[in-house]
Ligand code: 5AD
Ligand code: SF4
């Protein structure tokens, strides 16, 4: 399946919508025997790598795996492009502007490659799973040395060696998802750790490229996830984020056991680790058992990211989201009843093909009804190969932009109001580091993921503190450090 530029077309089969929809139930094998061949373990001695990551937390976490692999091959990290012997762009395909950034970057990197021909330049991540992108790189950026996909990250050591010795571009992109490789090395840093619980997505929302670039849903075995979380707790991580494109579908693919996301959360709840988060949820599979488990609290924080995408039933149907506005609002009602302090955040798309002013207003009214604390908002971006790309993208750009501004203004009113409610309260904050704009101020997060600024000694970085909230601008909250130490046991 590995190929070089000349015979590329023989081997590279791009994911196709029709084939993807025919996804069968073939067994996914789990492999526990990964290791880097002896002869590749010193290949990066005295050499440096640099990885630029775009997109979601899944990509960020893949970058940790890639770093882990490279460091086991003796490469060392650098931030300096001139020092780097290998530069990888770990890309995102979810919207066009993410892709434009990568193509722009490749233009800049060309100069570097000309100055240092031994530099290995690679493209990986979601964009490399798209046929159009790979063709464009081959035609317009032939100086790229290596392209690999999201299903074959574990092949990096062998591919890198091939790229070093080959004059042709080395391309290996598996259109069919691979098996689950359990024991890949991961370079984790800081106090927060990501943990994959599943890969891929079978939802096929009509606007979304992810089911093609990330393949079908495959859940990691519960024992493997729990062992990894226990190990992270032992290493002293303070917070973990469980990752999946649609975590609520966790376990649907198990044929031998009846074990779903609620069961997993209930087991992880018992691990001695201060905070556990998860992302991202799909309203369709969010079941009552999960709500019941989340309501137990403890290390399960009261923040739920629940993408709604639109408040209009007609648009939700055309997006193939498989729930209605009423279903979503009922779910929100159940969550709020069971977890009164729950903070809800969301993803919302404006300007989906055919969205009328009235349908957009239904999104605004849903936002007001739920009172989201925050939402990521996007202008619809057609993705080649998805069903929505065949719908007429009929809304003028200015209208889309005006809708985005109005939506953000509406959301800001609720963010501000929810922040204001915190004034005078004392909150538990995990201090993550110095604030970006002022090194004398520390920045941390509440259980509900709100950004908090506080003046306190730097030794507190990585620890829990109490902060008495005094000021509440829109995008963060500010307060005074309450000096009594926080007992970690109280968070579990
Ligand atoms: N256009 C705009 N936004 C999109 N998203 C996914 N695909 C597209 C697209 N084609 C948004 C959705 C999703 C988030 C990760 O990105 O809101 O939840
Ligand atoms: Fe994309 Fe929908 Fe899957 Fe989310 S649930 S990754 S939006 S297809």
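Residue numbers (our numbering): 78 to 569. Idealized CB from N, CA, C, for every residue including glycine.
For residue i, verify whether its CB is less than 6 Å away from any heavy atom of the ligand SF4.
| i | result |
| --- | --- |
| residue 288 | yes |
| residue 134 | no |
| residue 160 | no |
| residue 169 | no |
| residue 322 | yes |
| residue 380 | no |
| residue 445 | no |
| residue 535 | no |
| residue 228 | no |
Who are the Cβ neighbours of residue i in its own chain at under 6 Å, not counting the five residues just before and after it?
| i | result |
| --- | --- |
| residue 400 | 360, 361 |
| residue 437 | 480 |
| residue 55 | Outside the modelled stretch of the chain, which goes from 78 to 569, sits residue 55, for which no answer is possible. |
| residue 538 | 508, 510 |
| residue 455 | 426 |
Can you tell me which of the three DSSP states residue i falls into?
| i | result |
| --- | --- |
| residue 474 | helix |
| residue 269 | strand |
| residue 556 | strand |
| residue 512 | coil |
| residue 507 | strand |
| residue 146 | helix |
| residue 563 | coil |
| residue 289 | helix |
| residue 517 | coil |
| residue 80 | Residue placement at residue 80 cannot be trusted, given a pLDDT of 48 that sits under 50; what the coordinates show is reported in the next sentence. Correct three-state label for residue 80: strand. |
| residue 532 | strand |
| residue 452 | strand |
| residue 87 | With a pLDDT of 37 at residue 87, under the threshold of 50, the modelled position of this residue cannot be trusted; read the value that follows with caution. Residue 87: helix per DSSP, three-state reduction. |
| residue 538 | coil |
| residue 299 | helix |
| residue 135 | helix |
| residue 334 | coil |
| residue 600 | Any answer about residue 600 is impossible in this case: the structure gives the chain only from 78 up to 569. |
| residue 547 | strand |
| residue 167 | strand |
Compare the C-alpha of residue i against each of the options and name the closest.
| i | options | result |
| --- | --- | --- |
| residue 279 | 290, 270, 272 | 290 |
| residue 503 | 466, 492, 346, 559 | 559 |
| residue 104 | 322, 112, 330 | 330 |
| residue 305 | 337, 449, 348, 281 | 348 |
| residue 356 | 402, 337, 422 | 422 |
| residue 393 | 416, 414, 427 | 427 |
| residue 490 | 249, 126, 520, 450 | 450 |
| residue 148 | 233, 214, 199 | 233 |
| residue 500 | 524, 549, 182 | 549 |
| residue 544 | 528, 506, 552, 235 | 506 |
| residue 325 | 384, 316, 312 | 384 |
| residue 111 | 134, 226, 145 | 145 |
| residue 444 | 435, 238, 485 | 485 |
| residue 555 | 472, 521, 525 | 521 |
| residue 262 | 113, 200, 460, 472 | 113 |
| residue 268 | 368, 316, 134 | 316 |
| residue 125 | 229, 158, 367, 200 | 158 |
| residue 390 | 435, 472, 497, 459 | 435 |
Going by the C-beta, is residue i closer than 6 Å to any heavy atom of the ligand 5AD?
| i | result |
| --- | --- |
| residue 203 | no |
| residue 449 | no |
| residue 284 | yes |
| residue 426 | yes |
| residue 395 | no |
| residue 291 | no |
| residue 114 | no |
Excluding the five sequence neighbours on either side, which residues of its own chain have a C-beta within less than 7 Å of the C-beta of residue i, listed in chain order?
| i | result |
| --- | --- |
| residue 107 | 256, 257, 259, 298 |
| residue 175 | 131, 132, 169 |
| residue 517 | 532 |
| residue 453 | 424 |
| residue 241 | 197 |
| residue 327 | 274, 275, 296, 321, 337, 338, 341 |
| residue 397 | 281, 282, 283 |
| residue 228 | 251, 254, 255, 292 |
Using a Cβ-Cβ cut-off of 8 Å (strictly less than) and excluding sequence neighbours within five positions of residue i, which residues of its own chain qualify?
| i | result |
| --- | --- |
| residue 442 | 388 |
Checklist entry - Quick check: the segment 259 to 274 against the segment 180 to 189, are there 3 or more CB pairs under 8 Å? => result no
Checklist entry - Do the segment 114 to 122 and the segment 145 to 155 make contact, defined as three or more Cβ pairs closer than 8 Å? => result yes
Next on the checklist: Check whether the segment 217 to 236 and the segment 469 to 476 touch, using three or more Cβ-Cβ pairs below 8 Å as the test.
Outcome noted: With fewer than three CB-CB distances shorter than 8 Å, the segment 217 to 236 does not count as touching the segment 469 to 476.
Checklist entry - Between the segment 158 to 165 and the segment 281 to 300, do at least 3 Cβ pairs fall closer than 8 Å? => result no
Item to check | Validate contact between the segment 454 to 468 and the segment 279 to 288 using beta carbons, cut 8 Å, 3 pairs | outcome: yes
Item to check | Cβ pair count under 8 Å reaching 3, the segment 373 to 382 against the segment 343 to 358 | outcome: The segment 373 to 382, when compared against the segment 343 to 358, does touch it at the 8 Å Cβ threshold.
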